[in-house]
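Trainee: Residue numbering for the sequence shown follows our numbering, starting at 1352 and increasing by one per position.
By construction, the Cβ of each residue, glycine as well, lies at the ideal position given by its N, Cα and C atoms.
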Amino acid sequence: MKSFREKKILRVDLSHKRIKEQNVPQDWFEKYVGGMGFGVKILWDEVNPGIDAFSPENKLIFSIGPLTGTLAPMFAQTCLVTKSPLTKGVLNTYAGGFLGAEISRTNYCAMVIEGVAERPSCVVVNEDGAEITNADSLWGMNTIRTQEAIKRDMGKEVQVACIGPAGENLVRFSSIIAARRAFGRGGSGAVMGSKKLKAVVVRGGERQDQENEKLAEAIKEARDVLKKSLAEPWNLITMFAKHGTNAALPMLNERGMLSTRNHREGVFEGASKISADYFEKNLFVKNVACFACPVACGRFSVVKHGPYAGTETEGPEYETIYALGSNCGVDSAEAIAKADQLCDEYGMDTLSTGVTVSFAMECFELGIINENDTGGLVLKFGNHEAMVKLIEMIARREKIGNLLAEGTRIAAEKLNRDASVFAMQVKGMEFAAWMPEAMKGIACTFATSNRGACHKRAIIGDEFSGKVDPLAYEGKGKLTKEIQDKVNAIFTLVGCRFSEFTYPFNIYIKLLNAATGMNFTESEFLRVGERIWNMERIFSGFSRKDDRLPERCYTHAIPSGPLAGQRVDREKFEKMLDEYYEARGWNKEGRPTEAKLRELSIAT
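In structure tokens:
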């Protein structure tokens, strides 16, 4: 097994059944590091930005970073880059677990899959090669059964990334599932389905000691920092370890920041019934960890009683509980767990699914759709039976589910009647949990994110903790730019987003340099993140006209709770965008300037 800088790129052409290897250009390690950087660079070089996401020319790029498979904690994720069928821009999405570690035991740092297979297929990767196999018998299976079938045939030690019926049916927010972890956002599952690719199966070689003396020292320092964080009772990482990512839900509700009933409200009366405490007392079975991670924030849960008895899920995570819970007015933890399980089995992003269901509920409430459209479902907020049924209809593209499978942006455009006002999406991507009305940095983040309404590169911690005033606009443009570049850089490693909550930034530099023998400074590493951000922006073709929130955010004030009366002030928001563009070195229309591209060594 080769070291990271000796690894190659595996290329699989499904159309022509060709498999080959490519050396990684040496300057890529300095300019893009690995992970997300490699994926965006390949897309930039090889894919026409104007193609349809379902075109054979689109590519699925699985990639790892220089710390993947080492004992460095919180670097277990795998990155996937493609063109999104939901946003029509660059998509980068991540799954934890053990897939990345298995890829690290092959001779590849990236796997590029293109073309379209004639019939359902799998790509099977081993330590130093790959083959394309027939998957007719797997097509139509859900993701859990697919993985079980593959492991029966190939051995339980293989790692599998696969799609379910939603990906096969080209649901635009379908996901790829690895074990019970998801490449969740943006529709990568639909891209995989469009290629007739059911699964990617990886069997690496034996794990070899990758920790030289310098890297072992850096890993020890990182583990010591993490150990200290886990010993602090109110540290966010400690809360995740003890209670999962849903730990903060009650506090968010108390502060009027919990998105409720399609983002109309910030306080949910049923919050205690879907809290971490309720899940812990009634559904929790055991913690689940990713490779080499002592945090173990995953929560394997089982519904023991009632109509959803027997439901099993690794979670649900906070974002899922918001989307399928408060945002749909559902206060049944058991129903949320069932909905989460269905999303994993069908292969759908829980966030987009929940926001799409809540959008449909509001459309039903307003008479824009009715029972003839829904097949008799009464889509009222709080009706968890209808929510669960609608999820299945979306995955199968049945009745109104066929329209909703296109995502809220397209669905709202086709329904018309002002439905776009409350279609809670940016650039086609449905909202993550956070409220722009309650945290103005989130307003800037959602609007400017290359992924759409995404929380992965947001100043949530500083705003929620009060380190910065959440209701202030001034300074948020510059802060948003800084966190976007920083997290983009971390995602080249491929680092868990939660690592940023505990590691000082110099830890990443020490780990990176020790693992690669390179000599990055902090500013150079941040520059990598900035370079990738600008490349994503240009490839996606986004500009100021795309950096917009749904009309509801500007015109509908939060009606009750501690933040009653808050909304996004349109004039102040525009000034915040000006500040953001200035910090980025872009023009007033939100486009990177030639000077900025020269500074970042980006050739167009």
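1. Taking the CB atoms as reference points, tell me whether Ala1627 and Asn1597 lie closer together than 9 Å.
2. What does Lys1359 pair with, by DSSP beta-bridge criteria?
3. Apart from the five residues on each side of it in sequence, which residues of its chain come closer than 6 Å, Cβ to Cβ, to Leu1693?
4. For Gly1607, collect the residues of the same chain with a Cβ closer than 7 Å to its Cβ; drop the 5 residues on either side in sequence, then sort them by chain order.
5. Can you grab the Cα-Cα spacing for the pair Phe1426 / Val1511, in whole Å?
6. Checking 9 Å against the spacing of the C-beta atoms, do Cys1648 and Gly1595 come in under that value?
7. Taking Cβ positions, are Ile1625 and Leu1600 nearer each other than 9 Å?
8. Please tell me whether Ala1740 and Tyr1824 are closer than 9 Å, where the distance is taken between their beta carbons.
9. Reducing DSSP to helix, strand and coil, say where Glu1482 ends up.
10. Following the continuous beta strand (DSSP E) through Leu1431, name the residue where it begins and the one where it ends.
11. Quick one: what does DSSP say Met1498 is sitting in, helix, strand or coil?
12. How close, in whole Å, do the beta carbons of Gln1835 and Gly1803 come, if the pair is a contact with beta carbons under 8 Å?
13. Starting from Ile1961, follow the beta strand (DSSP E) in both directions and report where the run begins and ends.
14. Quick one: complete alpha helix (DSSP H) runs, 4+ long, within the region 1895 to 1951?
15. Would the beta-carbon of Gly1698 fall within 9 Å of that of Asn1443?
16. Note the first and the last residue of the continuous beta strand (DSSP E) segment covering Ile1528.
17. Please name the residue or residues paired with Asn1638 in a DSSP beta bridge.
18. Express the C-alpha separation of Val1509 and Ser1455 in angstroms, rounding to a whole number.
19. Hey, could you find the ends of the beta strand (DSSP E) Tyr1445 is sitting in?
20. Among Arg1356, Thr1799, Glu1631 and Ala1567, which residue has its Cα nearest to the Cα of Phe1591?
21. At a cut of 8 Å, does the region 1561 to 1573 reach the region 1854 to 1874 through at least three beta carbon pairs?
22. Should Lys1368 and Pro1471 be called a contact, given that it needs their Cβ atoms to be closer than 9 Å?
23. Please identify the residue among Glu1465, Leu1830 and Glu1902 whose C-alpha is closest to the C-alpha of Phe1405.
24. Are the region 1517 to 1525 and the region 1698 to 1709 in contact at 8 Å, needing three or more beta carbon pairs?
25. In terms of residue numbering, what span does the alpha helix (DSSP H) encompassing Phe1591 cover?
26. When you compare only the Cα positions, how much space is there between Leu1521 and Pro1436?
27. Touching or not, the region 1755 to 1765 and the region 1709 to 1717, by the rule of three or more beta carbon pairs under 8 Å?
28. Measure the Cβ-Cβ separation of Cys1473 and Val1375 and say whether it is below 9 Å.
Mentor: The structure says:
1. For the pair Ala1627 and Asn1597, the CB atoms are nearer than the 9 Å cut-off.
2. Asn1374 and Tyr1459
3. Excluding residues within five positions, the ones whose Cβ falls inside 6 Å are Ile1742.
4. Gly1617, Val1618, Ala1789, Ile1909, Gly1912, Pro1913 and Leu1914
5. Answer to the nearest angstrom: the Cα atoms are 19 Å apart.
6. Yes, the Cβ-Cβ distance between Cys1648 and Gly1595 is below 9 Å.
7. yes
8. Note on residue identity: the sequence assigns Lys, not Ala, to residue 1740. Contact flag unset, no.
9. DSSP places Glu1482 in strand when its eight states are reduced to three.
10. Thr1429 to Lys1434
11. The sequence given here has Gln at residue 1498, not Met. Three-state DSSP puts Gln1498 in a helix.
12. 14 Å between Cβ atoms; not a contact.
13. Here the chain has residues from 1352 to 1955 only, and residue 1961 is not among them.
14. Fully enclosed alpha helix (DSSP H) runs of no fewer than 4 residues occupy 1902 to 1906, 1921 to 1935 and 1945 to 1950 of the region 1895 to 1951, in order along the chain.
15. no
16. Ile1527 to Ala1529
17. Arg1650, per the DSSP bridge assignment.
18. 13 Å
19. Val1441 to Ala1446
20. Glu1631
21. yes
22. no
23. Glu1465
24. Yes: at least three Cβ pairs fall under 8 Å.
25. Leu1587 to His1594
26. 9 Å
27. Contact check between the region 1755 to 1765 and the region 1709 to 1717: three or more CB pairs, one atom from each, fall below 8 Å, which counts as touching.
28. no
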